[in-house]
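Down below is the structure, laid out as structure tokens.
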Amino acid sequence: MVTEQVAQNKHGILIIGIGNAYRGDDAVGLHVAQCLKKQAHDHVHVIEESGEGASLMECWKDANSVILIDAVSSGAKPGTIHRLDAHTQPIPTNFFHYSTHAFGVAEAIELSRALNQMPRRLIVYGIEGKCFEAGVELSFEVEKAAQEVARCVQQDIQNFGI
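For the numbering used here, count along the sequence shown from 1 and bump the result up by 879.
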């Protein structure tokens, strides 16, 4: 079970790639997670999730440091990378406009904040999507941004010093 695996790694770093593998650019979080799994260290646990809020809260409830990666739609240029520290910046609910969940990423973060159940560190990477229609390919801009986010997450891991 994912929760048991996460609990074993509560003093390390939890990376959650979010998305739907069959909705074009919405799969970018999953894509980045798959890339990071190949490079993961002992203290880093990488999982893939759909983005349903209650499930996310369950995943990170015992985690010390969490990095989320998901596709966003804020009106910025496709491939734009947004990096937000959930402790110092509110997560715009309009980022996740194409989410199929009424209770998704932004809502899970805000509820965790209200319940004082936030991980010590919670970083959100949002990659601006271009195409959220049925399909399995990422757009060129999003694929390029995914590679950059994977590098940024590796840098975050080093900076966390865990």
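Heads up, the beta-carbon is just placed ideally off N, CA and C, and yes, glycines get one too. In this text, all values refer to a predicted model and were calculated from it rather than measured experimentally.
Decide if G1040 is buried, meaning its Cβ has at least 16 other Cβ atoms within 10 Å, or exposed.
So G1040 counts as exposed.
Excluding sequence positions up to five away, which residues of its chain have a Cβ less than 7 Å from the Cβ of Q1033?
Excluding sequence neighbours, Q1033 sits near Q918.
Whole-angstrom Cβ separation of I988 and A965, contact assumed at under 8 Å?
Contact holds; Cβ gap of about 5 Å.
Looking only at its own chain, which residues have a Cβ that is under 7 Å from the Cβ of W939, when we skip the five neighbours before and after it?
Cβ within range, chain order: L893, V945, P998.
Could you name the residues that DSSP lists as bridge partners for A950?
DSSP lists I1006 as partners of A950.
Among H920, E1007, V911, whose alpha-carbon lies nearest the alpha-carbon of G891?
Distance check between G891 and each of H920, E1007, V911 places H920 closest, using alpha-carbon atoms only.
Any idea if E1016 is buried or exposed, counting beta-carbon neighbours within 10 angstroms, 16 or more meaning buried?
It counts as exposed.
Would G930 and G983 be called neighbours here (beta carbons separated by less than 8 Å)?
G983 sits close to G930, with the two beta carbons spaced by under 8 Å.
Would you please state the rounded distance, in angstroms, between the beta carbons of G903 and F1011? I believe it to be under 8 Å.
The Cβ separation is near 6 Å, so the contact holds.
Output the boundary residues of the alpha helix (DSSP H) element that contains R1042.
Absent from the model: residue 1042. The displayed extent of the chain is 880 to 1041, so no value can be given.
Let me know the secondary structure DSSP gives E928 once reduced to three states.
Taken through DSSP and simplified to helix, strand or coil, E928 comes out as strand.
What runs of the beta strand (DSSP E), each 3 residues or longer, lie entirely inside the stretch 957-997?
Qualifying beta strand (DSSP E) stretches, in chain order: 960-964.
Checking 8 Å against the spacing of the C-beta atoms, do P969 and S953 come in under that value?
Taking 8 Å as the cut-off, the Cβ atoms of P969 and S953 do not count as close.
Straight-line Cα distance separating A1029 from C914
In a straight line, the C-alpha of C914 is about 7 Å away from that of A1029.
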